[in-house]
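S.K.: Under the numbering used here, the first residue of the sequence shown is numbered 90, with each subsequent residue one higher.
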Amino acid sequence: MQLKKLDLALLLTGLCIFLTPYQLVFAVNTDTSQANEKIILDTNNNNKTQKTHNKVNLSQLDVGEAGEWTLAEERKIGDEIALEIYQDPELLDDPILSEYVKSIGAQLINTATIQKKISPEMFEQFAWQFFISKDKSINAFALPGGYFGVHLGLISMTQTRDELASVLAHEISHVSQRHISRNNANDKKMAPAIIGAMILGAILSSKSDGASQATIAGAQALGVQSQLNYSRDMERESDRLGYALLKEAGFNASSFGTMFEKLQYANRLADSGNFPYLRSHPLTTERIGDMKARDLNSQTVDNTSKVSSTTSEHISNRLEHSLISARSKIFSLQAPDNSKIWTSDIQNTNFNNWPLEKKSHTLMLAAVHAFKQQQYQEAESLAMQLWQLLGKGSNISNGVVQPIKSQDNLRASRIVALLLADIHLQKNNLVLAENWLMQSEKLNTQIRDDANLSKASEMIATAQGKNKRPELFVKAQLASKGVQTDLTSRALLSWLAFFPRDVAAWQHLSRIYEFQNNKLGQLRALAEIEMIYFNWLGAKDRLKAAQDWADSVANLNSQQRLDLAIIDSRLNKIAQLLRERQLKKPINY
90 MQLKKLDLAL
100 LLTGLCIFLT
110 PYQLVFAVNT
120 DTSQANEKII
130 LDTNNNNKTQ
140 KTHNKVNLSQ
150 LDVGEAGEWT
160 LAEERKIGDE
170 IALEIYQDPE
180 LLDDPILSEY
190 VKSIGAQLIN
200 TATIQKKISP
210 EMFEQFAWQF
220 FISKDKSINA
230 FALPGGYFGV
240 HLGLISMTQT
250 RDELASVLAH
260 EISHVSQRHI
270 SRNNANDKKM
280 APAIIGAMIL
290 GAILSSKSDG
300 ASQATIAGAQ
310 ALGVQSQLNY
320 SRDMERESDR
330 LGYALLKEAG
340 FNASSFGTMF
350 EKLQYANRLA
360 DSGNFPYLRS
370 HPLTTERIGD
380 MKARDLNSQT
390 VDNTSKVSST
400 TSEHISNRLE
410 HSLISARSKI
420 FSLQAPDNSK
430 IWTSDIQNTN
440 FNNWPLEKKS
450 HTLMLAAVHA
460 FKQQQYQEAE
470 SLAMQLWQLL
480 GKGSNISNGV
490 VQPIKSQDNL
500 RASRIVALLL
510 ADIHLQKNNL
520 VLAENWLMQS
530 EKLNTQIRDD
540 ANLSKASEMI
550 ATAQGKNKRP
560 ELFVKAQLAS
570 KGVQTDLTSR
580 ALLSWLAFFP
590 RDVAAWQHLS
600 RIYEFQNNKL
610 GQLRALAEIE
620 MIYFNWLGAK
630 DRLKAAQDWA
640 DSVANLNSQQ
650 RLDLAIIDSR
660 LNKIAQLLRE
670 RQLKKPINY
């Protein structure tokens, strides 16, 4: 059933202050109920416009009649909203950017759990998942049940890892304090139509500022000013707890106030609709002053702003963040840009006198831009300049690696090595692509992770072994072209045993199986993708096709018989899901 905006406005009673238009309009299509996917949900929306998805009507949700939602109820609502958001074609699953955002989120969530700001029950029941939108507007948000969204525009405008972490710490505090649920309890006193008008105003703000303000003004005329004041109290609470969380996690807590000032200043210069974060999280001089006072008091009283040198080295990573920011900016471009502005900067006679961070940022902008424009020779040349600038040897045939001065250089160099691997994959130069992958893997062995491992991080480390997700996916692309296909398919299966709802991993596996002419494996992988998208009928068709193919084969080998047994089991699961949907029972995925 197609979800109507008005239904959403009337039913999501607590979301009017915290959700921006993006959160309410777009759709999700991944099941997020599995506890072992906390913090590390990965999505891929390729070819989604060609799919037909089964929608879940939010009007069928049973979220209680009074007081705050239970943890299970809040998670259920979050799941349904997430099912809508993940259908948005603007959603981005870039392995490098996703890994970066999720690593920050995991560190903050782990610290909040250790500090008992997140209870064991909440950690187990909530999703703790992050997703990225290609939207170039400045925005981030939290949904019920522990879902978090970040726009590329926000990542690209931050100058440090700490600034990005300050925004995530604020959003995590909204969730840990269950602000949306508490807001819902307050909303019980108001007519649904009033709350619906406010949410509808948030939706309309993405289309027309005038229309949205008229809608919100009408709602205020009906008496919702107390609702806005209540939200401001929650914003102050998230500021206070987010600041403490940021400091306890080892980040530079002063970045909290710095980020506030940067947002306010940029918005004052030109509010052209690019700052929805400030509409859903209105800044005041009081909030900025409070953060400045906390930072000053922290330095004066207990000197906690001076983190250990080990933690400081791990957290700062300005060079790495500069490359992440550049990558985010290029990926957020909605149309090809042939201005060559960054190439002109590089050719500037003063370029060599620029600071390392600025030179690296500019080279990354130009290299990724050329890569996205399929100008692979130019992209390779620019990336090699950046590789050499970061202190790495360019002659990789004999594995020569020049000394590295810091962990920040190591992390930044890894990003460049992965870019060069991608470039050579596109050029179909598989030998060089594999060599650059090896360089990335060598860097991984040298990169120290100072953060304490959370439960999810431990799971990631166990699943990936020596590889991280970006390296695993480069291997998968090589395997689909015939390089170490058996080893890579086993590595992907190992990963999927821990993270069965990683759509991109299933897509890579299906391509490898296609190369291997493994019909059963390919159809099963494609069926798993359909199930993640809740397209159970589509999944059933894929699995039935696999059974028909098996029936046409005279003698199946042992692996094919095992695959067929799994396919039979998945068909039984689909039949159960369809029965439960027909009976409108809660579904255990």
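Even for Gly, the Cβ is constructed at its ideal location relative to N, Cα and C. Just so it is clear, the structure is predicted and the values come from calculations on it, not from any experiment.
Return yes when the Cβ of Ile170 is within less than 9 Å of the Cβ of Pro233, no when it is not.
M.R.: yes
S.K.: Kindly give me the distance between the Cβ atoms of Val563 and Leu526, rounded to whole angstroms, as I take these residues to be in contact under 8 Å.
M.R.: 5 Å
S.K.: Should Ala459 be labelled buried (16 or more other beta-carbon atoms within 10 Å of its own) or exposed?
M.R.: Answer is buried; the Cβ neighbour count reaches 16.
S.K.: Under DSSP, the beta strand (DSSP E) around Leu232 begins and ends at which residues?
M.R.: Ala229 to Leu232
S.K.: If distances are taken between C-alpha atoms only, which option among Lys223, Gln671 and Leu197 comes closest to Asp177?
M.R.: Lys223
S.K.: If you run the structure through DSSP and keep just helix, strand and coil, what is Ile536?
M.R.: coil
S.K.: DSSP on Tyr236, reduced to helix/strand/coil?
M.R.: strand
S.K.: By Cβ distance, which residues of its chain are closer than 7 Å to Asp652, with the 5 residues on each side in sequence left out?
M.R.: Leu609, Gly610 and Arg613
S.K.: Along the beta strand (DSSP E) that carries Gln218, what are the first and last residues, could you check?
M.R.: Start and end: Gln218 to Ser222.
S.K.: Consult DSSP for Leu181 and reduce its assignment to one of helix, strand or coil.
M.R.: strand
S.K.: Go ahead and pull the three-state DSSP assignment for Gly339.
M.R.: Note: Gly339 maps to coil in three-state DSSP.
S.K.: For Glu603, which residues in the same chain have their Cβ closer than 7 Å to its Cβ, ignoring the five residues on either side in sequence?
M.R.: Gln611
S.K.: Please state whether the Cβ-Cβ distance between Ile244 and Ile261 is less than 9 Å.
M.R.: no
S.K.: At which residues does the alpha helix (DSSP H) containing Gly571 begin and terminate?
M.R.: Unbroken run through Gly571: none, as it is neither H nor E.
S.K.: Taking Cβ positions, are Ala506 and Ser529 nearer each other than 9 Å?
M.R.: yes
S.K.: I need the DSSP call for Gln515, collapsed to helix, strand or coil.
M.R.: helix
S.K.: Would you mind working out which of Asp575, Lys206, Thr247 and His240 sits nearest Arg267, comparing C-alpha positions?
M.R.: The shortest Cα separation from Arg267 among Asp575, Lys206, Thr247 and His240 belongs to Lys206.
S.K.: Roughly how many angstroms lie between the CA atoms of Leu186 and Ala501, to the nearest whole one?
M.R.: 13 Å
S.K.: Assess contact between the segment 187-195 and the segment 244-258, defined as three or more Cβ pairs (one per stretch) separated by less than 8 Å. Is contact present?
M.R.: Yes, they touch.
S.K.: My output table needs one value for Arg590: the three-state DSSP class, helix, strand or coil.
M.R.: Three-state DSSP puts Arg590 in coil, outside helix and strand.
S.K.: Alpha carbon to alpha carbon, how far is Leu632 from Arg683? Give it in angstroms, no decimals.
M.R.: What the structure shows of the chain is the stretch from 90 to 678, and residue 683 is not part of that stretch, so it cannot be assessed.
S.K.: Return yes when the Cβ of Phe215 is within less than 9 Å of the Cβ of Gly238, no when it is not.
M.R.: no
S.K.: At which residues does the alpha helix (DSSP H) containing Ile207 begin and terminate?
M.R.: Neither: Ile207 is in no alpha helix (DSSP H) and is coded neither H nor E.
S.K.: Along the alpha helix (DSSP H) that carries Gln477, what are the first and last residues, could you check?
M.R.: Tyr465 to Leu478
S.K.: Are the segment 618-635 and the segment 572-584 in contact at 8 Å, needing three or more beta carbon pairs?
M.R.: no
S.K.: Cα-Cα, which of Gln248, Trp443, Asn437 and Arg416 is closest to Met348?
M.R.: Gln248
S.K.: Since Leu241 and Phe420 are thought to touch, with beta carbons under 8 Å apart, how far apart are those beta carbons, to the nearest angstrom?
M.R.: 6 Å
S.K.: Could you give the distance in angstroms between the alpha-carbon of Pro209 and the alpha-carbon of Met323?
M.R.: Pro209 and Met323: Cα-Cα distance of roughly 23 Å.
S.K.: Please tell me whether Leu408 and Asn498 are closer than 9 Å, where the distance is taken between their beta carbons.
M.R.: yes
S.K.: So is Lys447 buried or exposed if we call it buried at 16+ other beta carbons inside 10 Å?
M.R.: exposed
S.K.: Note down the Cα distance separating His263 from Leu471, rounded to an integer number of angstroms.
M.R.: 42 Å
S.K.: Run the CB neighbour count on Ala593, radius 10 Å, all protein chains shown included, and call it buried at 16 or more, exposed below.
M.R.: Around the C-beta of Ala593, 16 or more other C-beta atoms lie within 10 Å, and the residue is accordingly described as buried.
S.K.: Are Val572 and Leu508 closer than 9 Å when you measure CB to CB?
M.R.: no
S.K.: So which of Ala654, Gln204 and Ser411 has the shortest CA-CA distance to Ala333?
M.R.: Gln204
S.K.: Taking the alpha carbon of Phe587 as the reference point, which residue from Asn606, Ile601, Arg558 and Leu567 has its own alpha carbon closest?
M.R.: Arg558
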